[in-house]
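These protein sequences, in sequence, are chains L, S and W. So the first sequence is numbered by the working numbering: it starts at 6 and just counts up by one. So the second sequence is numbered by the working numbering: it starts at 6 and just counts up by one. So the third sequence is numbered by the working numbering: it starts at 6 and just counts up by one. These notes concern the structure reproduced below.
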Amino acid sequence: MSQWIYFFDLCGTAVFALSGALAAGKHRMDPFGVIVLASVTAIGGGSIRDALIGATPVFWIRDPNYMLVILATVITCLVLVRKPHKLPPRSLSIADALGLALFTVIGAEKALLLELSGMVAVVMGLITGVGGGIIRDLLCRQIPMVLRTEIYATASIVGGICYTLSIFVGMDSMTSMLIAMFSTLIIRLSAIRWHLSLPAFDLKTKRT
Amino acid sequence: MSQWIYFFDLCGTAVFALSGALAAGKHRMDPFGVIVLASVTAIGGGSIRDALIGATPVFWIRDPNYMLVILATVITCLVLVRKPHKLPPRSLSIADALGLALFTVIGAEKALLLELSGMVAVVMGLITGVGGGIIRDLLCRQIPMVLRTEIYATASIVGGICYTLSIFVGMDSMTSMLIAMFSTLIIRLSAIRWHLSLPAFDLKTKRT
Amino acid sequence: MSQWIYFFDLCGTAVFALSGALAAGKHRMDPFGVIVLASVTAIGGGSIRDALIGATPVFWIRDPNYMLVILATVITCLVLVRKPHKLPPRSLSIADALGLALFTVIGAEKALLLELSGMVAVVMGLITGVGGGIIRDLLCRQIPMVLRTEIYATASIVGGICYTLSIFVGMDSMTSMLIAMFSTLIIRLSAIRWHLSLPAFDLKTKRT
Chain L
6 MSQWIYFFDL
16 CGTAVFALSG
26 ALAAGKHRMD
36 PFGVIVLASV
46 TAIGGGSIRD
56 ALIGATPVFW
66 IRDPNYMLVI
76 LATVITCLVL
86 VRKPHKLPPR
96 SLSIADALGL
106 ALFTVIGAEK
116 ALLLELSGMV
126 AVVMGLITGV
136 GGGIIRDLLC
146 RQIPMVLRTE
156 IYATASIVGG
166 ICYTLSIFVG
176 MDSMTSMLIA
186 MFSTLIIRLS
196 AIRWHLSLPA
206 FDLKTKRT
Chain S
6 MSQWIYFFDL
16 CGTAVFALSG
26 ALAAGKHRMD
36 PFGVIVLASV
46 TAIGGGSIRD
56 ALIGATPVFW
66 IRDPNYMLVI
76 LATVITCLVL
86 VRKPHKLPPR
96 SLSIADALGL
106 ALFTVIGAEK
116 ALLLELSGMV
126 AVVMGLITGV
136 GGGIIRDLLC
146 RQIPMVLRTE
156 IYATASIVGG
166 ICYTLSIFVG
176 MDSMTSMLIA
186 MFSTLIIRLS
196 AIRWHLSLPA
206 FDLKTKRT
Chain W
6 MSQWIYFFDL
16 CGTAVFALSG
26 ALAAGKHRMD
36 PFGVIVLASV
46 TAIGGGSIRD
56 ALIGATPVFW
66 IRDPNYMLVI
76 LATVITCLVL
86 VRKPHKLPPR
96 SLSIADALGL
106 ALFTVIGAEK
116 ALLLELSGMV
126 AVVMGLITGV
136 GGGIIRDLLC
146 RQIPMVLRTE
156 IYATASIVGG
166 ICYTLSIFVG
176 MDSMTSMLIA
186 MFSTLIIRLS
196 AIRWHLSLPA
206 FDLKTKRT
């Protein structure tokens, strides 16, 4: 069982490292800069989570596999994805959506393992899911995805609630994870595909 | 006594959550994005403080009331403040000033409780007071208030020094808090009202 | 021996505080804003490092000398560097390069003292070296140096690898430090002087 969680965690790491590397490629960074941005995107959210709950040293210090997955992803990316026109459109958004789904579930699961409350589990899923991407976007001076009108934080919060509720009604961990991941992924991919958004909270005050 | 501190802390949380929600409203974010920005603003500074001093899990993980206050504030804000022209001008700056005063005192007080030095207490007041607002402004791609020429960090540092000195000369905690909060609030509100600023440190080098 | 490491650490603190103060001067901040930016630059990287490895309370809370060095640096800077045309060109870049070299070695050394792996030591050197500067640049809304095409992260990673390898082949700590600092400094200063850069990873996709 827990091997699956570990496998998902490494998958999420690879996918977010890829999204960081792609963002770095759009900014013409050198190979070590690519490694830095890929790492920050892949382990940023989980590092914030572990620092907040006091699970230190944080996960990637205790387990070198995370860094190795990031290095392997970046090297593969640098070697293979040289031809830009071979890159499918929206690849960065889709890699990011996949990472969001995987990391939301991992974050919620780690919180529940530590016997934290359901509300905290949802928040930890959100932090793990969106933290790395926010740091990536801040460093690249992009508007963080979480701030754009398309559904983003919502997808992670819904996934976290799905996971937490599924566990609370007694489902096994694997089923809960799959339900939560699919709900996050479907919401986020639909939002990307059809530019869905919730009604915005709109305050256009002239002066504040 | 300590109930008052707790009450002030929840007030500061509500006020900063409001300032985050108002900032989100200016960027047309969806309701879940509003919750994220309100939370980051309200608990960002205290989370950094707790992570730095090692008081983990950080405060809002141990006590669900902070998250509930944020949720209640955001929902109230979404429901009530629909009509933008009903929002008084400078409401974001004033909410921010009030949060700055409350959180500066809370941060300094927590440091002194842990028997850290007076200098560290002032710094912890500053981190608690300005941390959340800095993250809010970074995410919204605003120039962080702490960087603007108007007196901002100064108000928090003066408040922290007032609190620490008042405690050191033997005043009771409540009086010290009120003195410190009023000094921060008066300095900051005066700066907003009359656009006060200290003489700037101005380096206009052509090349660096 | 360890006095030398401590001395280097305080030197790095002073140098990064100076780079933060110079950046603040370019943004016309008031004296307390200068202190905030100088502090964040000087202790930001090390604070992230200590929070991630769980060495809390972080170093500058336990040892007031770091804050005192920052205060002394800022006051000296405010008093002396009034005349902008007296400031040599590229002074910010050079102060930053020196801080990068000093802090990279300090970060790697602290990780090895805690018996963490060589790979983690290189990463901790990188975080300590570039963390403060990234926060400084984010707050000033500059493109973070680590994102620019000139060699930057590379210099820190090479320095970290040099230090870790030197220790592993049995050199004494002092020699390893000097080797690592000089390699970081020479790489970074050469990159500044001759605008060197590694071949960039360039992805110019029209749509992502």
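Even for Gly, the Cβ is constructed at its ideal location relative to N, Cα and C.
W/LEU53: which of W/THR159, W/VAL151, W/LEU131, W/ILE40 sits nearest, CA to CA? Before going further, note that residue 53 of chain W is Ile rather than Leu in the sequence given. Per the Cα distances, W/LEU131.
Can you find the residues in the same chain that come closer than 7 Å, C-beta to C-beta, to W/GLY215, ignoring five residues on each side of it along the sequence? The requested residue 215 of chain W is not part of the displayed model; chain W covers only 6 to 213.
Quick check on the burial criterion: 16 or more other C-beta atoms within 10 angstroms. Buried or exposed for S/ALA158? buried
For chain S, is any of its Cβ atoms less than 8 Å away from the one on L/MET150? no
Taking CB distances under 8 Å as the criterion, tell me whether S/SER122 reaches chain W. yes
For the alpha helix (DSSP H) containing L/THR169, list its first residue and its last residue. Membership of L/THR169 in the alpha helix (DSSP H) is indicated by the continuous run 158 to 173.
As assigned by DSSP and simplified to three states, the class of S/LEU201: Secondary structure at S/LEU201: coil, using DSSP grouped into helix, strand and coil.
In the segment 20 to 34 of chain W, which residues sit with their C-beta less than 9 Å from some C-beta in chain S, listed in chain order? ALA26, LEU27, ALA28, ALA29, GLY30, LYS31, HIS32, ARG33, MET34
How long is the line joining the alpha carbons of W/THR213 and L/ALA102, rounded to whole angstroms? Summary for W/THR213: the model assigns pLDDT 41, below 50, so the residue's position carries little reliability; its value from the coordinates is reported in the next sentence. Using only the alpha carbons, I get a separation of about 13 Å.
Supposed contact pair L/ALA47 and L/GLY25 - C-beta distance, whole angstroms, cut 8 Å: The Cβ separation is near 6 Å, so the contact holds.
With a threshold of 16 other CB atoms inside 10 Å of the CB of L/GLU120, please say whether the residue is buried or exposed. exposed
Using the three-state DSSP reduction, which class does S/LYS211 fall into: helix, strand or coil? Residue placement at S/LYS211 is flagged as unreliable, the pLDDT there being 42, under the threshold of 50; the coordinate-derived value follows with that caveat. Coil at S/LYS211, not helix or strand.
Would you verify that the beta carbon of W/ILE111 is, or is not, closer than 8 Å to some beta carbon of chain S? no
Hey, could you find the ends of the alpha helix (DSSP H) L/ILE53 is sitting in? 36 to 58
Is there contact between the segment 137 to 146 of chain S and the segment 139 to 152 of chain L, where contact requires at least three CB pairs shorter than 8 Å? Verdict: yes, contact present.
I'd like the ranges of any alpha helix (DSSP H) spanning at least 4 consecutive residues and lying wholly in the segment 60 to 107 of chain L. Unbroken alpha helix (DSSP H) stretches of 4 residues or longer found wholly inside the segment 60 to 107 of chain L: 64 to 67, 70 to 85, given in chain order.
What's the call for S/MET179, buried or exposed, on a 16-neighbour Cβ count within 10 Å? exposed
Let me know the secondary structure DSSP gives W/GLU155 once reduced to three states. Correct three-state label for W/GLU155: strand.
Is it buried or exposed for L/ILE58, if we count other Cβ within 10 angstroms and need 16 for buried? buried
Using 8 Å as the threshold, is the C-beta distance between S/VAL39 and L/PHE13 below it? no
Bounding residues of the alpha helix (DSSP H) (the contiguous stretch that carries W/ILE148): Note, W/ILE148: premise wrong, no alpha helix (DSSP H); not H, not E.
Proximity to L/GLU155 [Cα-Cα], best of S/LYS115, S/PHE37, S/VAL151: S/PHE37
What residues of chain W sit near L/LEU144, judged by a beta carbon separation below 8 Å? ILE139, LEU143, PRO149, VAL151, LEU152
Would you say L/ALA100 and L/LEU23 are within 8 Å of each other, going by their C-beta atoms? yes
Exposure label - W/LYS211; buried when at least 16 CB within 10 Å: Reliability fails at W/LYS211, whose pLDDT of 41 lies under 50, so the model's placement of it is uncertain and the value that follows must be treated cautiously. Exposed is the call here.
Rounded distance between the beta-carbons of S/SER171 and S/ALA185, thought under 8 Å: 7 Å
Tell me, please, whether the CB atom of W/ALA126 is closer than 8 Å to any CB atom in chain L? no
Would you verify that the beta carbon of L/LEU83 is, or is not, closer than 8 Å to some beta carbon of chain W? yes
Between which residues of its own chain and L/LEU203 is the CB-CB distance below 7 Å, once the five residues before and five after are set aside? ILE156, THR159
Which whole-angstrom value describes the C-beta separation of L/LEU42 and L/ALA28, a residue pair presumed to lie in contact below a C-beta threshold of 8 Å? 6 Å
Compare the C-beta of L/SER202 with all C-beta atoms of chain S and state if any pair is closer than 8 Å. yes
What does the alpha-carbon distance come out to for the pair S/PRO93 and W/THR169? Just so you know, the alpha carbons of S/PRO93 and W/THR169 end up roughly 59 Å apart.
Measuring only from the beta carbon, is W/TRP65 closer than 7 Å to any heavy atom that is part of the ligand SAH? The ligand SAH is not part of this structure, which contains no ligands at all.
Alpha helix (DSSP H) containing L/SER2: first to last residue? Outside the displayed range of chain L (6 to 213) lies residue 2 of chain L, so it cannot be described from this structure.
Say whether chain L places a C-beta atom closer than 8 Å to the C-beta of W/THR133. So, not an interface residue.
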